[in-house]
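Chemist:
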Amino acid sequence: MLPWNGKEDGSHVAEIVTLAEAIAATVRDGDSVAMEGFTHLIPHAAGHEVIRQRRRDLTLIRMTPDIIYDQLIGAGCARKLIFSWAGNPGVGSLHRFRDAVEHAWPHPIELEEHSHAGMANRFQAGASGLPFAILRGYRGTSLPAHTAGVADITCPFTGETLTAVSALRPDVAVIHAQRADRRGNVQFWGISGVQKEAVLASARSVVTVEEIVDSLDPHPGAVVLPSWTVGYVAAVPGGAHPSYALGYSARDNDFYFSWDAISRDRQAFAAWLDEHVYGQHAASAADRAAGAC
Amino acid sequence: MLSFTADEMMTVAAARALRDGMTCFVGIGLPGAAANLARATHAPGLVLIYESGTIGSKPGQVPPSIGDGILAETADSVVSVPEIFNYWLQPGRIDVGFLGAAQIDRYGNINTTVIGSSYDEPAVRLPGAGGAPEIAAACGQVVVVLRQSRRSFAGHLDFVTSVGFGTGAGARQRLGLAGGGPGLVITDLGILQPDPDTCELVLTGIYGGVSVGRVRESTGWDLRVSASLSEVAPPSQAELAALRALRAGTPPPAAGDAAVRSPAPSTVPPAVMAAGEGAHHD
Numbered sequence: 023m024l025p026w027n028g029k030e031d032g033s034h035v036a037e038i039v040t041l042a043e044a045i046a047a048t049v050r051d052g053d054s055v056a057m058e059g060f061t062h063l064i065p066h067a068a069g070h071e072v073i074r075q076r077r078r079d080l081t082l083i084r085m086t087p088d089i090i091y092d093q094l095i096g097a098g099c100a101r102k103l104i105f106s107w108a109g110n111p112g113v114g115s116l117h118r119f120r121d122a123v124e125h126a127w128p129h130p131i132e133l134e135e136h137s138h139a140g141m142a143n144r145f146q147a148g149a150s151g152l153p154f155a156i157l158r159g160y161r162g163t164s165l166p167a168h169t170a171g172v173a174d175i176t177c178p179f180t181g182e183t184l185t186a187v188s189a190l191r192p193d194v195a196v197i198h199a200q201r202a203d204r205r206g207n208v209q210f211w212g213i214s215g216v217q218k219e220a221v222l223a224s225a226r227s228v229v230t231v232e233e234i235v236d237s238l239d240p241h242p243g244a245v246v247l248p249s250w251t252v253g254y255v256a257a258v259p260g261g262a263h264p265s266y267a268l269g270y271s272a273r274d275n276d277f278y279f280s281w282d283a284i285s286r287d288r289q290a291f292a293a294w295l296d297e298h299v300y301g302q303h304a305a306s307a308a309d310r311a312a313g314a315c
Numbered sequence: 448m449l450s451f452t453a454d455e456m457m458t459v460a461a462a463r464a465l466r467d468g469m470t471c472f473v474g475i476g477l478p479g480a481a482a483n484l485a486r487a488t489h490a491p492g493l494v495l496i497y498e499s500g501t502i503g504s505k506p507g508q509v510p511p512s513i514g515d516g517i518l519a520e521t522a523d524s525v526v527s528v529p530e531i532f533n534y535w536l537q538p539g540r541i542d543v544g545f546l547g548a549a550q551i552d553r554y555g556n557i558n559t560t561v562i563g564s565s566y567d568e569p570a571v572r573l574p575g576a577g578g579a580p581e582i583a584a585a586c587g588q589v590v591v592v593l594r595q596s597r598r599s600f601a602g603h604l605d606f607v608t609s610v611g612f613g614t615g616a617g618a619r620q621r622l623g624l625a626g627g628g629p630g631l632v633i634t635d636l637g638i639l640q641p642d643p644d645t646c647e648l649v650l651t652g653i654y655g656g657v658s659v660g661r662v663r664e665s666t667g668w669d670l671r672v673s674a675s676l677s678e679v680a681p682p683s684q685a686e687l688a689a690l691r692a693l694r695a696g697t698p699p700p701a702a703g704d705a706a707v708r709s710p711a712p713s714t715v716p717p718a719v720m721a722a723g724e725g726a727h728h729d
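Protein chains in written order, with our numbering: chain A, 23 to 315; chain B, 448 to 729.
#1: Answer yes or no: do A649(B) and G628(B) have a C-beta to C-beta separation smaller than 9 Å?
#2: For a cutoff of 9 Å on Cβ pairs, would you count H168(A) as touching chain B?
#3: Just to confirm the assignment, what range does the alpha helix (DSSP H) spanning A674(B) have?
#4: What would DSSP say about Q640(B), mapped onto helix, strand or coil?
#5: Is R572(B) close to chain A? Criterion is C-beta to C-beta, closer than 9 Å.
#6: Which residues in the same chain have their Cβ closer than 6 Å to the Cβ of Q537(B), if we skip the five residues on either side of it in sequence?
#7: For L247(A) versus V235(A), is the C-beta distance shorter than 9 Å?
#8: For R226(A), which residues from the same chain have a beta carbon less than 6 Å from its beta carbon, with the 5 sequence-adjacent residues on both sides left out?
#9: Could you give the DSSP three-state label for H456(B): helix, strand or coil?
#10: According to the neighbour-count rule (16 or more other Cβ atoms, all chains shown, within 10 Å of its Cβ), is C646(B) buried or exposed?
#11: Of all the residues that make up the stretch 598-612 of chain B, which are near chain A by a beta-carbon distance shorter than 9 Å?
#12: Which bits of chain B does F145(A) rub up against, with CB to CB less than 8 Å?
#13: Residues of chain A with CB closer than 9 Å to the CB of V525(B), please, in chain order.
#14: On a CA-only basis, which of N558(B), A487(B), V672(B) and P529(B) is nearest A692(B)? Give me that one, please.
#15: Is there at least one Cβ from chain A nearer than 9 Å to T452(B)'s Cβ?
#16: Are V659(B) and M456(B) touching if we call contact CB-CB under 9 Å?
#17: Considering Cα atoms alone, identify which of L103(A), R76(A) and R78(A) is closest to H87(A).
#18: Return the chain-ordered list of same chain residues with a C-beta closer than 7 Å to the C-beta of D174(A), the five sequence neighbours on each side being excluded.
#19: Report the three-state DSSP secondary structure of H603(B) (helix, strand or coil).
#20: Measure from the C-beta of P65(A) to each C-beta in chain B and report whether the shortest distance is under 9 Å.
#21: A170(A): which of F179(A), Y160(A) and C177(A) sits nearest, CA to CA?
#22: Going by C-alpha to C-alpha distance, which of S677(B), R671(B), W668(B) and P643(B) sits closest to V657(B)?
#23: Taking W107(A) as the reference, which of R572(B), G555(B) and D669(B) has the closest Cα?
#24: Of the choices E297(A), P166(A), F154(A) and I38(A), whose alpha-carbon is the least far from that of L190(A)?
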């Protein structure tokens, strides 16, 4: 069955709720969760709420794990990571990710890694209701030997050998967008990543937004997800920080640089988590853009 | 005598490989600086394409990530990530791809995944593939930029993340990789290019003050040296000024400055002219 409306009760309209309610209604222990956003519009505040609600054994799916999954992994939320590039962009390593892989801290993590093209196509296949996608990729690399869900496939028309990658069908998609209207129609623009595909591929969905407006004015290049494709919408201004929302905030590059030292040390990370995640409420996320987290 | 860092020499050498009007798939870090330097100097019509989906970005600075807002705001078009890979990269629309690497072997294959004999228990876990495997597969030419050492120039790769020339001549065709493969490898010591017959990387350019012995000692295999090895011109004042302005986030020197606009003196063949099996698209 295709996940048409991002909710399980079949209601054909997104519900506008608080962030805490949205996460509680969608993310359960053991779920596969795709928090997407390609550098831009990363749903950090929602990630923090998942940590605060102490979800466990999650399969985290994301092309670029970024700081958001470094935090979730370090906080012990993840059993498995499905990804294509796990670094701190322009800075270096994700140290909580590396600590989990190299030293099984706070516990072992299973990896399923792909290329960006492979992940993007896997989301697209999921959104398209197809079991797999086809691309020119992976051939000659070591990736297929270590990654399930990658296989050669022969074109039925030309006989050419291509690569098939299995579809992604997450339990939950979580994204951040610039705006929603009061009916729950969602609009985002700028670098739009794979968020549309992630929401359409997933059984349930949460969208945090900078603001809820009476009506969505047309915006050049905007992606619109109609209300009936979205499960829950929560207003979380600044909810992408230290990522950004074009037109609302700028990427906090200084925080990305400072994360290197915070995340390198287990104790420093734990202290940061206590102060900036466990010590906060979902409602205080609105203050994040101005703060240090 | 101008003073400059090894990173600046690498960045300038990489920028010189780009020609006006090319389309260039730009990676994070030094490649981003090199591509933007080329645009600011000798290649104002260079089309910068970022894997975040921005096409024709004109940032005028070197953003720390490949998804900064300025890349979208200055782009000719912004597309989704599935589209950038499927419509733009995969069919071979991009002339040059820039890649960094943790390790490279004699055939220009790249490892950015794990160091150590066990994938499951690696000594060092690297970021992984990102866009690199398909950039390496599909771009007309690939320029690889990395520091040279016995560790990074490895006799054996623990993991092949992106394919250069595979096992040697003919391997790319057998794998069905349409792009030309690595035409230039630019390091902090010099420049390597593939041998036209064997596709093995050969030292073809060396920086001032660097000895061939030092380059060979910094290579984990028995490095071949071109009979026509030449010294790479150091960064010009104009190149350095433009690069430093880009890094500082300030506007580059005036566009009308003839010294800046004239082609950089270079002994480096342009990437499109680079030898190797992949230079032919048949």
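Think of the CB as a built atom: it goes at the ideal place given N, C-alpha and C, for glycine as much as any other residue.
Since the model is a prediction, treat every value here as computed from it, not as a measurement.
Modeler: From the atom records:
#1: Against the second sequence, residue 649(B) aligns to sequence position 202. Against the second sequence, residue 628(B) aligns to sequence position 181. The sequence given here has Val at residue 649(B), not Ala. No. Outside cutoff.
#2: Within the first sequence, the letter at position 146 stands for residue 168(A). So yes, H168(A) belongs to the interface.
#3: For the purposes of this step, residue 674(B) is taken as the residue at position 227 of the second sequence. Unbroken run through A674(B) is the beta strand (DSSP E), R671 to V679; no alpha helix (DSSP H).
#4: For this step, residue 640(B) is matched to residue 193 along the second sequence. In this structure, Q640(B) counts as strand in the three-state DSSP scheme.
#5: In the second sequence, counting from the first residue as 1, residue 572(B) sits at position 125. Between R572(B) and chain A, the shortest Cβ-Cβ separation is below 9 Å.
#6: As a working mapping, residue 537(B) is identified with position 90 in the second sequence. Cβ within range, chain order: A585.
#7: In the first sequence, residue 247(A) corresponds to position 225, counting from 1. In the first sequence, residue 235(A) corresponds to position 213, counting from 1. It is not a contact, given that the beta carbons lie outside the stated cut-off.
#8: As a position in the first sequence, residue 226(A) is number 204, starting the count at 1. Counting only residues of its own chain and dropping the five nearest sequence neighbours on each side, R226(A) has a CB closer than 6 Å to the CB of G28, T48, V194 and G253.
#9: Start at 1 with the first residue of the second sequence, and residue 456(B) comes out as number 9. Rather than His, the amino acid found at residue 456(B) in this sequence is Met. Helix.
#10: Position 199 of the second sequence holds residue 646(B). Counting Cβ neighbours within 10 Å, C646(B) comes out buried, since at least 16 surround it.
#11: Considering only beta carbons, the part of the stretch 598-612 of chain B lying closer than 9 Å to chain A consists of L604, D605, F606, V607, T608, S609 and V610, in chain order.
#12: As a working mapping, residue 145(A) is identified with position 123 in the first sequence. Neighbours of F145(A) in chain B, taken as residues whose beta carbon is under 8 Å from its own, are P529 in chain order.
#13: The sequence position of residue 525(B) within the second sequence is 78, counting from 1. In chain order, W211, G212, I213, S214 and G243 make up the part of chain A whose C-beta sits under 9 Å from the C-beta of V525(B).
#14: Along the second sequence, one-based indexing puts residue 692(B) at 245. The shortest C-alpha separation from A692(B) is found at A487(B).
#15: Taking the first residue of the second sequence as 1, we reach residue 452(B) at position 5. No, T452(B) lies away from the interface with chain A (no Cβ there is under 9 Å from its Cβ).
#16: Translated into the one-based positions of the second sequence, residue 659(B) becomes position 212. Translated into the one-based positions of the second sequence, residue 456(B) becomes position 9. No, the Cβ-Cβ distance between V659(B) and M456(B) is not below 9 Å.
#17: On the first sequence, residue 87(A) is found 65 positions in, with the first residue counted as 1. First, the residue type needs correcting, since residue 87(A) is Pro and not His in the sequence shown. The residue with the shortest Cα to Cα distance from P87(A) is L103(A).
#18: Position 152 of the first sequence holds residue 174(A). Annotation for D174(A): T183 and T185 place their beta carbon closer than 7 Å to its own, counting only its chain and skipping 5 residues before and after.
#19: As a working note, residue 603(B) is residue 156 in the second sequence. Under the three-state reduction of DSSP output, H603(B) falls in the coil class, being neither helix nor strand.
#20: Here residue 65(A) corresponds to residue number 43 of the first sequence, with the count starting at 1. For P65(A), the answer is no, since every Cβ of chain B falls outside 9 Å of its Cβ.
#21: In the first sequence, the residue the question calls residue 170(A) occupies position 148. Residue nearest to A170(A) within the set F179(A), Y160(A) and C177(A) is Y160(A) (criterion: CA-CA distance).
#22: On the second sequence, position 210 is the one that residue 657(B) refers to. Nearest C-alpha to V657(B): S677(B).
#23: The residue given as residue 107(A) occupies position 85 in the first sequence. Checking every option, the nearest Cα to that of W107(A) belongs to R572(B).
#24: Here residue 190(A) refers to the residue found at position 168 when the first sequence is read from its first residue. Checking every option, the nearest Cα to that of L190(A) belongs to F154(A).
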